[in-house]
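Chemist:
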Amino acid sequence: MLSDTRFSADKVRHREATSLQPHEVAEMGTAQPQKKQVAEREDGLFVFMDPPEHTRLRRLLTGQFTVRRMRELESRVTEIAVELIEAMKAAGTRADLVQAFALPLPSLVICELLGVDYADRRLFQERTAIGLNANATPEEQAVARAEMYTFMQRLVAAKRADPGDDLLSGLIHDADPPLTDAQLVDVAVILLNAGHETTANMLGLGTFALLEHPGQLEALRADPALIDNTVEELLRFLSIIQLGVSRVTTEPVTLGGVDIPAGATVVIATPEVNRDPRHWADPDAFDVRRERTPHLAFGHGVHQCLGQQLARVEMRIGLSELISRLPDLRLAAPAEQVPLRNEMLIFGVHALPVTWS
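Position 60 of the sequence shown, counting from 1, maps to 73 under the numbering used here, and the rest follow consecutively.
(1) Does the region 282-294 come close enough to the region 249-260 that 3 or more CB-CB pairs lie under 8 Å?
(2) Start and end of the beta strand (DSSP E) containing residue 247?
(3) Less than 7 Å between CB atoms is the rule here; does residue 262 satisfy it with respect to chain D?
(4) For residue 333, report the span of its alpha helix (DSSP H) as first-last.
(5) Out of 292, 370, 324 and 344, state which residue places its alpha-carbon closest to the alpha-carbon of residue 90.
(6) Going by DSSP, name the residue or residues bridged to residue 21.
(7) Excluding sequence positions up to five away, which residues of its chain have a Cβ less than 7 Å from the Cβ of residue 361?
(8) Scan the region 101-161 and note each continuous beta strand (DSSP E) run of 3 residues or more that stays entirely inside, going in chain order.
(9) With burial defined as no fewer than 16 other Cβ atoms inside 10 Å of the residue's Cβ, what is the status of residue 308: buried or exposed?
(10) By a C-beta neighbour count over all protein chains shown, 10 Å radius and 16 as the cutoff for buried, is residue 206 buried or exposed?
(11) What's the call for residue 126, buried or exposed, on a 16-neighbour Cβ count within 10 Å?
(12) Output the residue ranges of the beta strand (DSSP E) runs that lie fully inside the region 334-370 and measure 3 residues or longer, sorted by chain position.
(13) Thinking C-alpha only, which one of 349, 313, 122 and 87 is nearest residue 204?
(14) Using a 10 Å radius around the Cβ and a threshold of 16 neighbouring Cβ atoms, would you call residue 112 buried or exposed?
(15) Does the beta-carbon of residue 370 have 16 or more other beta-carbons within 10 angstroms, so that it is buried, or is it exposed?
(16) Looking only at its chain, what residues have a beta carbon closer than 7 Å to the beta carbon of residue 371, apart from the 5 residues adjacent to it on each side?
(17) Mind checking residue 76: buried by the 16 CB within 10 Å criterion, or exposed?
(18) Which first and last residues belong to the alpha helix (DSSP H) in which residue 267 is found?
(19) With DSSP as the reference, label residue 203 as helix, strand or coil.
(20) Can you give the Cα-Cα distance for residue 152 and residue 28, rounded to whole angstroms?
(21) Quick one: give me the first and last residue of the beta strand (DSSP E) that residue 185 is part of.
In structure tokens:
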């Protein structure tokens with residue numbers, strides 16, 4: 014489905030799809046809805062575009078994720094991870110791992126990648142959290158979105174006037190034809206939100222999973238070379254995009270024996286796919302020695318996660334440093350008391366109380 018052009022990611026041209034009730038979709042039958050003539054997209058919401066509009070923005074962004082930049086970020090991730098862990102140790106023997114480590118690590122990295130002042134992190138972290146909260150009111154989400162866009166408009170203006178060696182400056186000054194301010198703001202908001210929220214939750218929830226599976230944690234401690242396998246297994250096992258990825262049918266489609274009318278919204282249950290017993294033996298088990306096979310944690314097709322390699326680097330280095338520098342890291346509260354992000358579109362833990370000797 015993710016690589017089938019009959020399923021559209023364009024939620025601008027298909028706004029009505031997400032507002033219809035199930036009975037209204039059923040009443041549509043297999044009739045093709047009247048197509049609206051929509052002018053060429055002028056926004057930068059590339060995750061909600063189809064080719065060819067998506068293609069140009071994706072190509073520009075891919076060009077900014079250079080080997081040099083990723084290599085420099087890898088060494089910086091190590092520095093940041095070590096600094097955060099040493100600060101935790103200097104402060105005592107207990108911490109909330111989310112606030113002390115899992116959230117600041119990817120936040121610092123995405124700030125450096127985009128050229129955002131880290132002092133502004135609280136603003137974008139709070140606004141992102143509101144946008145991802147399924148219980149937030151439309152009014153609360155609108156206010157948070159407006160504040161984030163105002164922040165990014167100021168940042169784009171600053172990078173136009175005084176460019177740096179960062180991804181956003183590169184998008185501003187290297188694109189031909191140039192991107193508009195509106196496009197740049199859209200792209201920057203998406204990258205900033207995606208660049209810290211997802212990895213932060215994987216680090217927090219991933220550490221929780223390891224602490225809850227001491228045999229697997231011990232295997233990783235005994236053989237640090239298992240870290241790449243561990244990262245892939247955590248991505249598969251946890252599947253933090255818990256509500257899946259949605260697409261809109263552009264024509265009647267039969268999928269899995271189900272007739273789906275044109276204009277219907279279809280959601281992929283990512284956790285179900287990543288635990289498909291036809292693809293993995295004992296899929297509900299967490300096994301750091303499991304043979305690496307493809308999963309959908311980063312999606313698939315033209316919209317596969319742009320920053321997946323950076324996310325893997327942050328997880329690999331972050332978890333490795335935690336395990337080596339805090340060899341007796343353990344939960345400081347019963348597992349059932351760890352607050353889970355059940356109300357959020359991206360799954361994780363709100364806090365993870367840990368302790369060490």
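Think of the CB as a built atom: it goes at the ideal place given N, C-alpha and C, for glycine as much as any other residue.
Modeler: On the basis of the coordinates in this document:
(1) Contact between the region 249-260 and the region 282-294 is established, with three or more Cβ pairs separated by less than 8 Å.
(2) The residue labelled residue 247 in the question sits at position 234 within the sequence shown. Not the beta strand (DSSP E): residue 247 falls in the alpha helix (DSSP H), residues 240-251.
(3) Absent from the structure: chain D. Only one protein chain is present.
(4) Walking along the sequence shown from the start, residue 333 turns up at place 320. Unbroken alpha helix (DSSP H) run through residue 333: 321-338.
(5) As a working note, residue 90 is residue 77 in the sequence shown. Nearest to residue 90 by alpha-carbon distance, out of 292, 370, 324 and 344, is 324.
(6) Residue mapping note: residue 21 aligns to position 8 of the sequence shown, counting from 1. Residue 21 pairs with 261.
(7) Residue mapping note: residue 361 aligns to position 348 of the sequence shown, counting from 1. Around residue 361: 214, 217, 218, 253 and 354.
(8) Counting only runs of 3 or more, we get 107-109.
(9) Translated into the one-based positions of the sequence shown, residue 308 becomes position 295. Buried, since its Cβ has 16 or more Cβ neighbours within 10 Å.
(10) Looking up residue 206 in the sequence shown gives position 193. Buried, because 16 or more other Cβ atoms sit within 10 Å of the Cβ of residue 206.
(11) Within the sequence shown, residue 126 is the residue found at index 113, counting from 1. Using a 10 angstroms sphere on the CB of residue 126, the tally of other CB atoms reaches 16 or more, which defines it as buried.
(12) Whole beta strand (DSSP E) segments, 3+ residues: 366-368.
(13) On the sequence shown, residue 204 is found 191 positions in, with the first residue counted as 1. Here the closest residue by C-alpha is 122.
(14) Here residue 112 corresponds to residue number 99 of the sequence shown, with the count starting at 1. It is exposed - the Cβ of residue 112 has fewer than 16 other Cβ atoms within 10 Å.
(15) Start at 1 with the first residue of the sequence shown, and residue 370 comes out as number 357. Its Cβ having fewer than 16 others within 10 Å, residue 370 is exposed.
(16) Residue coverage of the chain in this structure runs from 14 to 370, which leaves residue 371 outside it and unanswerable.
(17) The count along the sequence shown starts at 1 and reaches residue 76 at position 63. Result: exposed.
(18) Along the sequence shown, read from residue 1 onward, the residue named residue 267 stands at position 254. Per DSSP, residue 267 belongs to no alpha helix (DSSP H); it is in the beta strand (DSSP E), 266-268.
(19) Start at 1 with the first residue of the sequence shown, and residue 203 comes out as number 190. In the three-state DSSP reduction, residue 203 falls in the helix class (H, G or I).
(20) As a first step, residue 152 is located in the sequence shown; it is residue number 139 there, counting from the start. As a first step, residue 28 is located in the sequence shown; it is residue number 15 there, counting from the start. One alpha carbon belongs to residue 152, the other to residue 28, and they sit about 19 Å apart.
(21) In the sequence shown, residue 185 corresponds to position 172, counting from 1. Premise fails: residue 185 lies in the alpha helix (DSSP H), 180-187, not in any beta strand (DSSP E).
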